[in-house]
Amino acid sequence: MSAVTTPTGDRVVFDRYGPERAPGVLFISGAGPTRAEDPETTAAARLLGERGVQASVHDRVGRGDSAADGPIDLERELRAIEALAGELGGPVVLTGHSSGCAIAMLAAARIAACAGVVLWEAPIGQFDDGAPAWWDAVAAHIDADRLEDAVAAYMVGMPPEWIEELKRSPQYPSVVLSWMPDGMALSLVEHIGLEEALRGVAEPVLALVGAETFPGMAETASAIARAAPNGAAEELAGAWHSWEPAAMASRLDRFVRDAVSSE
Numbered sequence: 001m002s003a004v005t006t007p008t009g010d011r012v013v014f015d016r017y018g019p020e021r022a023p024g025v026l027f028i029s030g031a032g033p034t035r036a037e038d039p040e041t042t043a044a045a046r047l048l049g050e051r052g053v054q055a056s057v058h059d060r061v062g063r064g065d066s067a068a069d070g071p072i073d074l075e076r077e078l079r080a081i082e083a084l085a086g087e088l089g090g091p092v093v094l095t096g097h098s099s100g101c102a103i104a105m106l107a108a109a110r111i112a113a114c115a116g117v118v119l120w121e122a123p124i125g126q127f128d129d130g131a132p133a134w135w136d137a138v139a140a141h142i143d144a145d146r147l148e149d150a151v152a153a154y155m156v157g158m159p160p161e162w163i164e165e166l167k168r169s170p171q172y173p174s175v176v177l178s179w180m181p182d183g184m185a186l187s188l189v190e191h192i193g194l195e196e197a198l199r200g201v202a203e204p205v206l207a208l209v210g211a212e213t214f215p216g217m218a219e220t221a222s223a224i225a226r227a228a229p230n231g232a233a234e235e236l237a238g239a240w241h242s243w244e245p246a247a248m249a250s251r252l253d254r255f256v257r258d259a260v261s262s263e
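For the sequence shown, position 72 (counting from the first letter as 1) is numbered 72 according to the UniProt record's numbering, and the numbering increases by one without interruption.
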């Protein structure tokens, strides 16, 4: 376990796998999980390390071992990613999962060592009235300190069992304060559009979906591929928003090596 302090003073804890200073993968989780609760990401990172690719898995600001006072805005999260990329030291591929994809899109142009972006099942265009309206509703509950209502509004349309599982967490409902960067990023990306969000990302962008996935995910991956200056979309082994670790590690290993060799 390692830690880095961001320019905004947040202490972010992360696990590093593989050789230091090597080309690497910086995983960016979506709303909710800590690294201890995300075995698929840790397994993929371990496998990458065994292949000689550096990989990091961190607790996002305000979660797990990266304790922080909330509310947590998008800028604090972006500064954390910049700090982690600097700590890895080599070329880095930002790898977003779910709402972490929107954060990865916005972080990429800010990181000089960014060698590419990989996005797993970005939930862009998944809200009935659009992400900006959805986020406005969630933010209104947060501003009024109605955190349980904020959680329910954030998770609208998600499987009920996900909410019931979340209620068993000792961080419920204050955990929603650490989801603020996700909501802000999703809202911003939809507001400005995928082309504008990815305009400054000249590096390769790969949008991935699982072989079994939710409606609309494959269409969003294709839209990302069209919008990025150097984009592609693929299907990979995985189901219902989670990747298969060995398949993900293999694909990321190839992506990192191709991206670095083309520089």
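Note that the Cβ used here is the ideal one computed from N, Cα and C, for glycine as well.
ask   = Whose C-beta lies closer than 7 Å to the C-beta of S222 among residues of the same chain, with five residues either side of it excluded?
value = Excluding positions up to five away in sequence, the list reads A233.
ask   = Any contact of the stretch 14 to 26 with the stretch 74 to 92, i.e. 3+ C-beta pairs under 8 Å?
value = The stretch 14 to 26 and the stretch 74 to 92 touch, with no fewer than 3 CB-CB distances between them shorter than 8 Å.
Selection from A140, P132 and S99 that minimises the alpha carbon distance to V118 = Nearest of A140, P132 and S99 to V118, Cα basis: S99.
inquiry  = Give me the DSSP bridge partner(s) of G238.
reply    = Residue pairing by DSSP places G238 opposite W243 in a beta bridge.
inquiry  = Tell me the rounded alpha-carbon separation between S261 and D129.
reply    = Rounded to whole angstroms, S261 to D129 spans 42 Å at the Cα level.
request  = May I ask you to list the residues that DSSP assigns as paired with H58?
outcome  = DSSP lists F14 as partners of H58.
ask   = How close, in whole Å, do the beta carbons of R79 and T6 come, if the pair is a contact with beta carbons under 8 Å?
value = About 5 Å separates the two Cβ atoms, so the contact holds.
query = What distance in whole Å lies between the Cβ atoms of Y17 and R46, which are believed to be in contact at a cut-off of 8 Å?
reply = Contact flag correct, Cβ pair sits at about 5 Å.
inquiry  = Considering just the uninterrupted stretch of the beta strand (DSSP E) at L94, what are its terminal residues?
reply    = DSSP places L94 in the uninterrupted beta strand (DSSP E) bounded by V92 to H97.
ask   = Buried or exposed: where does G86 fall if 16 or more other Cβ atoms within 10 Å of its Cβ makes it buried?
value = Of the residues assessed, G86 falls on the exposed side of the cut-off, its CB having fewer than 16 other CB atoms within 10 angstroms.
DSSP-derived helix/strand/coil call for V205 = The answer is strand: DSSP assigns V205 an E or B state.
Helix, strand or coil at R79 [DSSP, three-state] = Helix, per DSSP.
query = Does the Cβ of M158 have 16 or more other Cβ atoms within 10 Å, making it buried, or fewer, making it exposed?
reply = Answer is exposed; the Cβ neighbour count stays below 16.
query = Does the Cβ of S56 have 16 or more other Cβ atoms within 10 Å, making it buried, or fewer, making it exposed?
reply = Burial call: buried.
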